[in-house]
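Positions in the sequence shown are counted from 1; adding 3 to them yields the numbering used here.
Structure first, commentary second.
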Amino acid sequence: MQNKEILEQIKNLSNEEKRNIKHQELINIMKEMSTEEIIELSKIIGYPVFTRLCMGELNHKFVLLQDGAVAIIENEKGEILLQRRSDNDLWGIPGGCQELGESFEETIIREIKEETNLNIDKKDLQLIDVVSGKSRMRKYPNGDVVINNTPLYYINKYSGELKCNEESKEMKFFDLNNLPQNQHDVDLVDIYIKWKKLKEVKYD
């Protein structure tokens, strides 16, 4: 079977089936692939899942350093959009992991489209901060432990109809004085609130 056919086959698998590809099977598939084809494979599977599959027995034991991007999406009332995540039932900020070859701007534009169905333009993105360190360590229900390097963006211009994908149970805009207690990204929301207050003082 040609590599293009193999990639197409994997593309047609469900997310669950992609996660359950055996380590040795993945190694055998990759043996005859070019670098470009391996990059394409990682995009089809999703880079973090692809990385874990390549680890074999170390899958859930290895602490993964990963890059991604998130965005505070603010509506005209000054409320921010949070998503109730399917994996841990916590309220988080839209965003996700960077795929191979993507810029951070491309990552957040893609992730927002996938997770919220909203369209945003690169020129409307404002970088608040790049957040790293211990506050970015996360433990997931499947046993994965990661430490994220996370550019935090702000956006208040968007179009499209808000819709959830399979990663979210619910999406809702929250007033900053009435945020949910069970948050996934408390550190990022705190950084945004401080940034917003500083901005307001600067322009008063």
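Don't be surprised by glycine CBs; every beta carbon is placed ideally from N, CA and C.
Query                                                                                                                                                                : Result
Measure the alpha-carbon distance for isoleucine 9 versus asparagine 145 and round it to whole angstroms.                                                            : 27 Å
Restricting to Cα atoms, I'd like to know which of Leu29, Phe176 and Leu85 is closest to methionine 58.                                                              : Leu29
Quick one: measure Cβ to Cβ for glutamate 118 and glutamate 82, integer angstroms, because I've assumed they're closer than 8 Å.                                     : Not confirmed; about 17 Å, so no contact.
With burial defined as no fewer than 16 other Cβ atoms inside 10 Å of the residue's Cβ, what is the status of tyrosine 104: buried or exposed?                       : Per the sequence shown, the amino acid found at residue 104 is glycine instead of tyrosine. With fewer than 16 other Cβ atoms within 10 Å, it is exposed.
Thinking C-alpha only, which one of Leu179, Lys7, Lys166 and Asp90 is nearest glutamate 40?                                                                          : Lys7
In or out: glutamate 98 buried (at least 16 other Cβ within 10 Å) or exposed?                                                                                        : Per the sequence shown, the amino acid found at residue 98 is glycine instead of glutamate. So glycine 98 ends up on the buried side.
If I measure Cβ to Cβ from alanine 72 and keep anything under 6 Å in the same chain, skipping five residues before and after, which residues do I get?               : Gly98, Phe107, Thr110, Ile111 and Pro154
Determine, using beta carbons only, whether isoleucine 76 and tyrosine 195 come nearer to each other than 8 Å.                                                       : no
Roughly how many whole angstroms lie between the Cα atoms of isoleucine 150 and arginine 139?                                                                        : 5 Å
Is it true that the CB of glutamine 86 sits closer than 8 Å to the CB of tryptophan 94?                                                                              : yes
Indicate the three-state DSSP secondary structure (helix, strand or coil) for asparagine 18 in the structure shown.                                                  : helix
Beta-carbon within less than 6 Å of aspartate 70's beta-carbon, same chain only, minus the 5 sequence neighbours each way: which residues are those?                 : Gln101 and Asn152
Compare the beta carbon distance of leucine 44 and threonine 54 with 8 Å and say whether it is the shorter of the two.                                               : no
Just mark tyrosine 50 as buried or exposed, buried being the case when its beta carbon has 16 or more other beta carbons within 10 Å.                                : buried
Please check the pair asparagine 120 and glutamate 164, which I expect to be a contact at CB under 8 Å, by giving their CB distance rounded to whole angstroms.      : 6 Å
Take aspartate 132 and list the residues in its own chain whose beta-carbon comes closer than 6 Å to its own, dropping the five residues that flank it on each side. : Leu155 and Ile194
Compute the Euclidean distance between the alpha carbons of tyrosine 157 and glutamine 129, then round it to the nearest angstrom.                                   : 5 Å
Based on the DSSP output, what are the partners of tyrosine 157 in its beta bridges?                                                                                 : Ile75 and Gln129
Does the distance from the CB of valine 188 to the CB of isoleucine 96 come in under 8 Å?                                                                            : For clarity, residue 188 is aspartate in the given sequence; the question names valine instead. Yes, they are a contact pair.
Tell me the residue span of the beta strand (DSSP E) that contains serine 45.                                                                                        : It is not in any beta strand (DSSP E) - serine 45 instead sits in the alpha helix (DSSP H) that spans 38-48.
Do asparagine 78 and alanine 176 come within 8 Å of each other at the CB atom, strictly closer than that value?                                                      : Note on residue identity: the sequence assigns phenylalanine, not alanine, to residue 176. Yes, these two residues count as a Cβ contact at 8 Å.
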